[in-house]
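The listed protein sequences correspond, in order, to chains F and E.
For the record, in the first sequence the residue sitting at position 19 is 19 according to the numbering used here, with numbers rising by one throughout.
Just so we're on the same page, the numbering used here is the position in the second sequence counted from 1, plus 101.
Data block below; observations after.
Protein chains: 2
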Amino acid sequence: MACEGAPEVRIGRKPIQSYVLAILMNLVDQNAKRVVVKARGRNINKAVDAVEIVRNRFAKGSNIKVESCEIGSHEIEVTDPNSGQTRTRRVSSIEICISKE
Amino acid sequence: MACEGAPEVRIGRKPIQSYVLAILMNLVDQNAKRVVVKARGRNINKAVDAVEIVRNRFAKGSNIKVESCEIGSHEIEVTDPNSGQTRTRRVSSIEICISKE
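The structure is reproduced here in structure tokens:
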């Protein structure tokens, strides 16, 4: 587990700006030393984008860096709406830990 | 740069099975110790998926693991097809290094 105990930003369906803001709020406003950005499936690239936007656009002067980046996968249960059958599906996930010096 | 000198698998528009096969070919057939999987933009989640499929489905017994995972971004030049103007765009990227013991 990357970045144990650090505040989490979970990437979902909202526009990317929401997550960029959430990361910045944690780092700047809440003065957190580290933030962990988590995403699953199709949101993985949005997570990478959000971290890169924070790093390139908003954090040029300060020392924000990617401390670690871990990938993994989870089994989730999906119910087929037509047949009503449940089956397990594998979903990839990413956890990016960013830190501020 | 992750996995200096290791054979590369670049994730593009092909179906994910092609890339899973390419990774396996390098590790098993070519007997490479390490492989680096690279992707940009929307293909980032496909890269994570491909690595996770290799790790979970085909490599249960053997010791294939993610050695490192790096994210970054590149500036690329895009030409607007209507106006003909070029502008720079930021594209996120990922490099996942997998190794076999």
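Positions of the beta carbon are idealized from the N, C-alpha and C atoms, including for glycine.
Cβ of residue i within 8 Å of any chain F Cβ
i	result
I199 of chain E	no
C170 of chain E	yes
I112 of chain E	no
I177 of chain E	no
Residue i at chain E interface by Cβ criterion, 8 Å
i	result
V66 of chain F	yes
V48 of chain F	yes
S18 of chain F	no
N56 of chain F	yes
Test item: CB-CB of residue i and residue j under 8 Å
i	j	result
K100 of chain F	N63 of chain F	yes
R143 of chain E	A107 of chain E	no
V152 of chain E	I71 of chain F	yes
N157 of chain E	R40 of chain F	no
The alpha helix (DSSP H) enclosing residue i, as first and last residue numbers
i	result
I96 of chain F	Note, I96 of chain F: premise wrong, no alpha helix (DSSP H); beta strand (DSSP E) at T86 to K100.
Unbroken beta strand (DSSP E) run spanning residue i, endpoints
i	result
E171 of chain E	I165 to T180
N36 of chain F	First, the residue type needs correcting, since residue 36 of chain F is Val and not Asn in the sequence shown. Note, V36 of chain F: beta strand (DSSP E), R34 to R40.
V9 of chain F	E8 to R10
Cβ-based burial, residue i [other Cβ within 10 Å; buried from 16]
i	result
V48 of chain F	buried
V137 of chain E	buried
Within-8 Å CB hit, residue i to chain B
i	result
E52 of chain F	Absence of chain B from the displayed structure is noted, the protein chains being F and E.
Contacts that residue i makes with chain F (C-beta to C-beta distance below 7 Å)
i	result
R143 of chain E	N45
S174 of chain E	E52 and N56
Chain-ordered chain F contacts of residue i [CB-CB under 9 Å]
i	result
R191 of chain E	D49, E52, I53, N56 and R57
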